[in-house]
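Encoded as structure tokens, the structure appears first; notes follow it.
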Amino acid sequence: MELGPIWRALMRNKASYVLIALQIAVTMAIMVNAVGIIQERSQQMARPSGVDEENIFYLSSNIFDPDADFEAQIEADLDAIRSFPGVHNAVMSNTVPLQGGGWSEGITLEPDPDLDSTGVAIYFSDEHGIDTFGVNLIAGRNFSANEVNWHDYESDAWPPIAIVTRAMAEELFPDLSVDQTLGKTVYIHDTKPVTIIGITERMQAAWNSWSGVERSMLVPVKRGGAYARYVIRAEPGYRDEIMPQIEEMLASMTDNRIIRGMETMQQTRQESYLLDSSMVKLLLFIVTVLTAITGLGIAGLASFSVARRTKQIGTRRALGATRPAILRHFMLENFVITSVGVAGGAILAVAINMWMVNAFGLQRMAWYLVPVAMAALWLVGQVAVYGPARRATMVSPALATRSV
Amino acid sequence: MLIMKDIAKVYRTDTVETHALRQFSLTVGEGEFVSVTGPSGSGKTTFLNIAGLLEEYSSGTYELDGKDVSGLNDSERSRLRNEKIGFIFQSFNLIPELDVFDNVDVPLRYRGFDSAERKRRIDRVLDVVGLGSRPKHLPSQLSGGQQQRVAIARALAGEPRFLLADEPTGNLDSNMAESVMDLLTEINDQGTTIIMVTHEPSLAERAQRNIHVRDGQVYHGDPEIRLAAQTA
Amino acid sequence: MFRYYLKLGLFSIRKNPVLSSLMVAAIAVGIGAFMTIINIDYVMSGNPIPHRSDVLYHVQVDSWSPNDAYEDPDLPPEQVTYLDGVALWSAGEARRQVLSYKTTRVVQPQAQGERPFSVQSRSTTADFFAMFDTPFLFGGGWDKAADDGEEYVVVINKEINERVFGGDNPVGESLVMNGKGYRVTGVMDTWEPMPKFYDINNGPFEAVEEVFFPFSVSIANELSSSGNTSCWKAAEGGWDGRLASECIWLQLWVELHGESERQDYLAFLDAYAESQKALGRFPRPLNNRLNNVMEWMDDREVVAKDVNVLLGIAFMFLIVCLLNTIGLLLAKVARRAGDISLRRALGASRRAVFSQYIVEAGIIGLCGGLLGVGMTWLGLQGIKGLYGDLDFIARLVTMDWPIIFAAIVLAIGAALAAALYPTWRACGVHPASQLKAL
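Residue numbers (the working numbering), protein chains in the order written: chain A, 1 to 404; chain B, 405 to 636; chain C, 637 to 1074.
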């Protein structure tokens, strides 16, 4: 079409067009990076924890009578909970996935203290653990009741068996298939052997930003002491109803303890990812407002540009331009400006991304965000200029002969 | 070639009805050089707009090159303007951001010629008006006379049926005006029909025939009185 | 002349209400977004204890594993072991020193019908209160004798005092926690250091603990930390094993005035590290650290990474808004070309035209700034809505006067900067060049 003359004309009157192009460039740089971060965080948040998040809740029992029979109380608590109507199963454990606080140990392949160890999150559990957490056992077997032992807080003993996640098995034995790792022995605390008797598909650790978040280990230990955390899985649909009931029941069972910290797994997930989900919302808001501002800016400047050139438009019409030709002219002109803008924007976006990766350790953004953002901004530009361009087509050709 | 019969143009607002043209009739033949004169407010600008298909008329008939132009839609009228009419405006109406070449190019683009054809035509008409050596100049770098020549070149490039000139020398000093008029006379000698609207009697006399417009109509009165009324 | 330009500026703004309000809006939105994040950054990185921040030092010794550093690139552990903490604290080499850690207790109100409730507590040596200059409503902390004598004393906060003692002066009264009675020595007034610098490792923006009691009592009762505990070597069994282990779970702060005291203490730390090496501990090379409050916060990168990212984005957002403003100003100048040309014809110098338009831009900037302060407030409320569940949000979203002032100054500055190019263009309009079109 008229690319040549349009380009030459723009080059001669750079000021306002450079402004629009610059605005588009910076907008694009922000857009691309913000969407990159949104993507990254959303992917993080989408990771399943591996447990039955809809139906699990947990609470803590804190016995403040130092002479109480802790083990008996815990047994009584668990029996009462498990037989409560609406409860599917319950287990005493130290934490739940995404909780933020937990226990980790280092595991080695040989009983050698000088070896580098692999970090793993520990979940204390019993034979009810797998069913309570709702994790998927993909190989091997569960603990049996006689394999579960009481340890007190001072104990440094470790059970000889454990159930690990697939990710843990793969990290320890990268060359073996999951089934082949069954029966293998690894070492905790340098010298204590632990045999893998079962493998779960997935059970995340308590720290969502830990690189080893997929590595956890269930061990058949009940820790007897003043603090106990009960993880409870309700029957589908019963959770909200039974939560206060269970709390009340446990509180009324004895006077020398307090029940606190009751939370659902869903709340835990929300809190765990609060910073990420808020960041996503904030960035979405910023990108939206930014696009609106840029769009309005383009529309405003285009409107002004049209108003300034009415005589020229009239002349073109007199010389034979149809209304669609005038529309095309302004849409094309805008397209050229936007193209310069997005070209600059692509470079700026990549440069800023590289800087942010260096300065803040962010992830490098997906390459396809750049062309997508270019397309989006082309669209925004065309939509923004459409109104003023349509107004331009309504300029009468008789304007050409008017003397002022 | 151009036949107007009883053309009337009425402007209506809420309160006032203005008859810019009434029962205006005019015939211009092939190759003629016609001047249209009249005092300000006489309706000659309206005539110009209607003749140039820039405005629609309220009643009457207008036949251009044997074709009745009533009932044409905007696109058809635009095309007709593009192919058959060459405009020359009082204030040149060149596009300031485009150089000479691109300015002359404008109507050719709307015509749809390919780039070789356009270049051929532009080079030819720039030669005709004597500006072949300045295709890259911007209007701001040219004198008034030169700018008007570019406008004339632009008007000629599409090989129109007639040139429609609106006070072509109105913004020029007497020297430049002279040379532009010479150019127009020459173009007319080559066979191009020219209709020129002006209020300068001396310029009007360079044409072959004069139409005087008064109160929206062609005035058939005494030329002497006409002259006196004009200069009064 | 300035008053004349002021008058012209206001008149021009009134004459172009749409264009002017768009400009004010563009500046306001840009400033609002930027200052919202600045506010958060400012509060997060502010000095929590300005009058003492350069005499308080956080102590680190490298007791970590021979195989790996505690943290890349080669940082020593953030906390100290029991062995090191007690040894360094008892040595008393600094003016003052405090050893503490976080734990939980259950308060058992003695009044009828009151249920027990758990509280966040800090086990600490006596110097905590003097060193960190904590404010007291009633009474005060305890003394060295109480530390040494393992006395059951306690400092409680205002809320606990309200809840258990009805808000009256409880000094001398007994507070029962986990079956033992603690004598109240003082009630701490509201103290909200932002961030909680003395225990960054275990929640930098958490609320201050609710009760404080002696470190010696806590150890005697075998209370474990409710914060982070990390061990590079497995601890032997039992509480004694924990105390003798290489597990880090305590925070050690010292008070040193002046560079020479600081150097002396560093030398002492080095000597201590050497002595531990002789005993077979401290396998890593010497790596002792002594960071004052601001240095320590910097080291821990207390300002969240996300805030820095948002700062960058908000700055670019401001740039976009400013580009918008420049465009609007260009349009305004072009529209006013006739006016400018007339003034020049009537004798205004280029400088006069420049001044007139700069003053006008300044007015726009001021309006934009005022509106921008409102936008900042809105932005902070939005942040509160998003992150509301976090305890410390209320502090982060309060605007104080320096921020308000900065917003307005930034807005005026930005408006003036944006106006430079269009105004320069305005001066270039030839006298009378536009008159014909008037």
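Using N, Cα and C, we set each Cβ at its ideal position, and we do this for glycine too. Note that this is a predicted model, so its numbers are computed, not measured.
Backbone CA spacing between residue 301 of chain A and residue 931 of chain C [nearest angstrom]
For this step, residue 301 of chain A is matched to residue 301 along the first sequence. For this step, residue 931 of chain C is matched to residue 295 along the third sequence. The alpha-carbon of residue 301 of chain A is positioned some 49 Å away from that of residue 931 of chain C.
From this set, C/761, C/889, C/925 and C/789, which residue's C-alpha is nearest residue 905 of chain C's C-alpha?
Locating residue 905 of chain C in the third sequence gives position 269, counting from the first residue. Comparing Cα positions, the closest option is C/925.
Any beta carbon from chain B within less than 8 Å of residue 14 of chain A's own beta carbon?
For this step, residue 14 of chain A is matched to residue 14 along the first sequence. It does not; no Cβ of chain B falls within 8 Å.
Which listed residue (B/490, B/467, B/597 and B/617) has its alpha carbon closest to that of residue 611 of chain B:
Residue numbering aside, residue 611 of chain B sits at position 207 when the second sequence is read from its first letter. Closest option to residue 611 of chain B, Cα to Cα, is B/597.
Should residue 181 of chain A be labelled buried (16 or more other beta-carbon atoms within 10 Å of its own) or exposed?
Here residue 181 of chain A refers to the residue found at position 181 when the first sequence is read from its first residue. Buried.
Could you work out which residues of chain C lie near residue 286 of chain A, taking near to mean beta carbons separated by less than 9 Å?
Position 286 of the first sequence, counted from the start, is the residue given in the question as residue 286 of chain A. The contacting residues are 669, 946, 949, 950 and 953.
With burial defined as no fewer than 16 other Cβ atoms inside 10 Å of the residue's Cβ, what is the status of residue 725 of chain C: buried or exposed?
Locating residue 725 of chain C in the third sequence gives position 89, where the first residue counts as 1. Residue 725 of chain C is buried by the Cβ-count criterion.
Consult DSSP for residue 260 of chain A and reduce its assignment to one of helix, strand or coil.
As a position in the first sequence, residue 260 of chain A is number 260, starting the count at 1. Residue 260 of chain A falls in the strand class under three-state DSSP.
I want to verify the contact list: residues of chain C whose CB lies under 8 Å from the CB of residue 173 of chain A, in sequence order.
What you label residue 173 of chain A is simply residue 173 of the first sequence in a count that begins at 1. Against residue 173 of chain A, chain C offers no close residue; the least beta-carbon distance is about 22 Å (beta-carbon pairs closer than 8 Å).
Going straight from the alpha carbon of residue 482 of chain B to that of residue 317 of chain A, what length do you get?
In the second sequence, counting from the first residue as 1, residue 482 of chain B sits at position 78. In the first sequence, counting from the first residue as 1, residue 317 of chain A sits at position 317. Between residue 482 of chain B and residue 317 of chain A, the C-alpha separation is close to 7 Å.
Does DSSP put residue 975 of chain C in a helix, a strand or coil?
Position 339 of the third sequence holds residue 975 of chain C. It is helical.
Considering only the beta carbon of each residue, do residue 439 of chain B and residue 608 of chain B sit closer than 8 Å?
Along the second sequence, one-based indexing puts residue 439 of chain B at 35. Along the second sequence, one-based indexing puts residue 608 of chain B at 204. Yes, the Cβ-Cβ distance between residue 439 of chain B and residue 608 of chain B is below 8 Å.
Do residue 183 of chain A and residue 141 of chain A have their C-beta atoms within less than 8 Å of each other?
For this step, residue 183 of chain A is matched to residue 183 along the first sequence. For this step, residue 141 of chain A is matched to residue 141 along the first sequence. No, Cβ-Cβ distance for residue 183 of chain A and residue 141 of chain A is not below 8 Å.
Could you tell me the distance, in whole angstroms, from the CA atom of residue 971 of chain C to the CA atom of residue 654 of chain C?
Position 335 of the third sequence, counting from 1, holds the residue named residue 971 of chain C. Position 18 of the third sequence, counting from 1, holds the residue named residue 654 of chain C. Cα to Cα, the separation comes out at about 13 Å.
Per the contact definition of three or more C-beta pairs closer than 8 Å, is the region 509-516 of chain B in contact with the region 350-367 of chain A?
Too few Cβ pairs lie closer than 8 Å, so no.
Roughly how many angstroms lie between the CA atoms of residue 982 of chain C and residue 665 of chain C, to the nearest whole one?
For the purposes of this step, residue 982 of chain C is identified with residue 346 of the third sequence, where counting begins at 1. For the purposes of this step, residue 665 of chain C is identified with residue 29 of the third sequence, where counting begins at 1. In a straight line, the C-alpha of residue 982 of chain C is about 38 Å away from that of residue 665 of chain C.
Give me the Cα-Cα distance between residue 466 of chain B and residue 427 of chain B, rounded to the nearest whole angstrom.
Reading the second sequence from its first residue, position 62 is the one you call residue 466 of chain B. Reading the second sequence from its first residue, position 23 is the one you call residue 427 of chain B. Rounded to whole angstroms, residue 466 of chain B to residue 427 of chain B spans 12 Å at the Cα level.
Looking only at its own chain, which residues have a Cβ that is under 7 Å from the Cβ of residue 882 of chain C, when we skip the five neighbours before and after it?
Counting from 1 along the third sequence, the entry for residue 882 of chain C is found at position 246. Counting only Cβ-Cβ distances below 7 Å, and skipping sequence neighbours, we find 699, 717, 867, 868 and 869.
What does residue 29 of chain A reach in chain C if we use C-beta pairs closer than 9 Å?
Working through the first sequence from its first residue, we reach residue 29 of chain A at position 29. In chain order, 952 make up the part of chain C whose C-beta sits under 9 Å from the C-beta of residue 29 of chain A.
Pop quiz: residue 415 of chain A and residue 458 of chain B are said to be a contact at Cβ under 8 Å. What is the actual Cβ separation, rounded to whole angstroms?
As shown, chain A starts at 1 and ends at 404. That puts residue 415 of chain A outside it, with no answer to give.
Per-residue contacts from residue 293 of chain A into chain C (C-beta, under 9 Å)
For the purposes of this step, residue 293 of chain A is taken as residue 293 along the first sequence, with counting starting at 1. Within chain C, the residues whose beta carbon sits less than 9 Å from that of residue 293 of chain A are 662, 665, 666, 953, 956, 957 and 960, listed in sequence order.
With residue 63 of chain A and residue 753 of chain C assumed to form a contact (beta carbons below 8 Å), what rounded beta-carbon distance in angstroms separates them?
Here residue 63 of chain A is taken as the residue at index 63 of the first sequence, counted from 1. Here residue 753 of chain C is taken as the residue at index 117 of the third sequence, counted from 1. That belief does not hold up - the Cβ atoms of residue 63 of chain A and residue 753 of chain C are roughly 14 Å apart, past 8 Å.
Let me confirm a value: residue 422 of chain B is counted as buried when at least 16 other C-beta atoms fall within 10 Å, else exposed. Which label applies?
For the purposes of this step, residue 422 of chain B is taken as the residue at position 18 of the second sequence. Residue 422 of chain B should be labelled exposed.
Which stretch, first to last residue, makes up the alpha helix (DSSP H) that contains residue 592 of chain B?
Counting from 1 along the second sequence, the entry for residue 592 of chain B is found at position 188. Counted as a single uninterrupted DSSP element, the alpha helix (DSSP H) harbouring residue 592 of chain B occupies residues 578-593.
Backbone secondary structure at residue 394 of chain A - three-state DSSP:
To locate residue 394 of chain A, count along the first sequence from 1; it is residue 394. Three-state DSSP puts residue 394 of chain A in coil, outside helix and strand.
Would the beta-carbon of residue 863 of chain C fall within 8 Å of that of residue 737 of chain C?
Within the third sequence, numbered from 1, the residue matching residue 863 of chain C stands at position 227. Within the third sequence, numbered from 1, the residue matching residue 737 of chain C stands at position 101. Cβ distance < 8 Å, so residue 863 of chain C and residue 737 of chain C count as in contact.
Cβ-based burial, residue 77 of chain A [other Cβ within 10 Å; buried from 16]:
Looking up residue 77 of chain A in the first sequence gives position 77. So residue 77 of chain A ends up on the buried side.
Between the C-alpha atoms of residue 229 of chain A and residue 384 of chain A, what's the straight-line distance to the nearest angstrom?
Here residue 229 of chain A refers to the residue found at position 229 when the first sequence is read from its first residue. Here residue 384 of chain A refers to the residue found at position 384 when the first sequence is read from its first residue. Going from the Cα of residue 229 of chain A to the Cα of residue 384 of chain A covers about 58 Å.
Pairing CB atoms from the region 11-22 of chain A with CB atoms from the region 235-244 of chain A, are three or more of them under 8 Å?
By the Cβ rule, the region 11-22 of chain A does not count as touching the region 235-244 of chain A, because fewer than three pairs are nearer than 8 Å.
Rounded to whole angstroms, what's the CA-CA distance from residue 47 of chain A to residue 53 of chain A? Just pull it up for me.
The residue labelled residue 47 of chain A in the question sits at position 47 within the first sequence. The residue labelled residue 53 of chain A in the question sits at position 53 within the first sequence. Approximately 12 Å, taken between the alpha carbons.
Please state whether the Cβ-Cβ distance between residue 280 of chain A and residue 42 of chain A is less than 8 Å.
By one-based count along the first sequence, residue 280 of chain A stands at place 280. By one-based count along the first sequence, residue 42 of chain A stands at place 42. With respect to residue 42 of chain A, residue 280 of chain A sits close: the two C-beta atoms are nearer than 8 Å.
Check whether the Cβ of residue 1010 of chain C lies closer than 7 Å to any heavy atom of the ligand PLP, and answer yes or no.
As for the ligand PLP, it is missing from this structure, which has no ligand bound.
So with Cβ pairs under 8 Å, would you call residue 43 of chain A a contact of chain B?
For the purposes of this step, residue 43 of chain A is identified with residue 43 of the first sequence, where counting begins at 1. No, no contact with chain B.
Measure the alpha-carbon distance for residue 636 of chain B versus residue 573 of chain B and round it to whole angstroms.
The residue you call residue 636 of chain B lines up with position 232 of the second sequence. The residue you call residue 573 of chain B lines up with position 169 of the second sequence. Interpretation of residue 636 of chain B is limited by its pLDDT of 47, a score under 50 that renders its predicted location unreliable; no figure is taken from the coordinates.
Check each residue of the region 43-70 of chain A: if its Cβ is closer than 8 Å to any Cβ of chain C, include it; give the result in chain order.
For the region 43-70 of chain A, which is checked against every Cβ of chain C, the residues closer than 8 Å are 62, 64, 65 and 66.
Tell me the rounded alpha-carbon separation between residue 661 of chain C and residue 1011 of chain C.
Locating residue 661 of chain C in the third sequence gives position 25, counting from the first residue. Locating residue 1011 of chain C in the third sequence gives position 375, counting from the first residue. Roughly 10 Å separates the two Cα atoms.
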